[in-house]
Every structure is written in C-alpha cells, then in structure tokens.
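Reading the sequence shown from the start, the letters are residues 0 to 127 in numbering that gives the first Met the number 0. Note that the Cβ used here is the ideal one computed from N, Cα and C, for glycine as well. Since we're looking at a predicted model, the values are computed, not measured. Here the structure is laid out as structure tokens; the discussion comes afterwards.
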Amino acid sequence: MSPDADQSHDASMPGLTVQRQTPSVALQAGLIGTLEIDTVTNCLVVRTQISFAVGVHSLVDIDVAWPLGWSVALRDGVIALLDAAGQMAGRLGDEVIVGGGFVDTAIADVVSCTGQERIFQAYELTRT
C-alpha cells in the first residue's frame, strides 16, 4: 500500500484509494463487480470479470478512487465501505455498480492503494 493511501485503519482493515477533491466532471461509465480485498496489497477493490476473447474470461481487481470522505470500517463484524456521512454504502462481497470512469492517477490527483497507474474514479455506488 502506498504511504499516501488512507492510513486511518488498523492493520486488519484494508486500505482504499480516496479522491482528494471532487472531480469537475462526472464520468458516465459503469463498473459492475464485487467489493473484495486485493490480498497482495490489502486494498478494497471491485473485482470484475473481463473478457479478452470469446469464451475467455478473467477476474480483474479494479482500484476505485472513492469520493472524498469515504472510508472502511467494521460493521457487524464485516468490512464495510462508508460514505462521507458515515453511512454504510456496501459490504465486502456485495455486488455493486460504480458510476464513474477510468482515469490516470496523475490526472485524478490520487495515490492508488494498489499501485495501479489507472484507477476508476467513482462518483456513485449502487448495490445490486
């Protein structure tokens, strides 16, 4: 995990990438997947299925830059993603649709928790 990523969690809690400011443009793509932990970096990610060719699928962990003020915490013994108001937006294992789009970390002015050079810059989350 990068030193600038959210460090407010204890050692058992995953890190996450958080936006430093509200983007001036809301991107319109949708990322569909499951809230999971990248076991290599201990970061909260959205795991999604990518097809590289007909019949060839692979699971990929996408580092999402959550809106300013979002965090992780334990809720009823489960790792939860909290919005800026402290309300539970999702739990580990939830199927989600994240509104936003892919952006280079330099353009988004974020430090990727997973070390990826591109993140998915979120502006909304829907649990399915």
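- For T104, the uninterrupted alpha helix (DSSP H) run begins and ends at T104 to A107, by DSSP.
- In summary, V45 is buried, with 16 or more beta-carbon neighbours lying within 10 Å of its beta-carbon over all protein chains present.
- The bridge partners DSSP lists for W65 are V17.
- In the three-state scheme derived from DSSP, where H, G and I count as helix and E and B as strand, D37 is classed as strand.
- Residue environment for A79: buried (at least 16 other C-beta atoms within 10 angstroms of its C-beta).
- With 16 or more neighbouring CB atoms inside 10 Å of its own CB, E35 falls in the buried class.
- Here the alpha carbon of A105 sits roughly 21 Å from the alpha carbon of L30.
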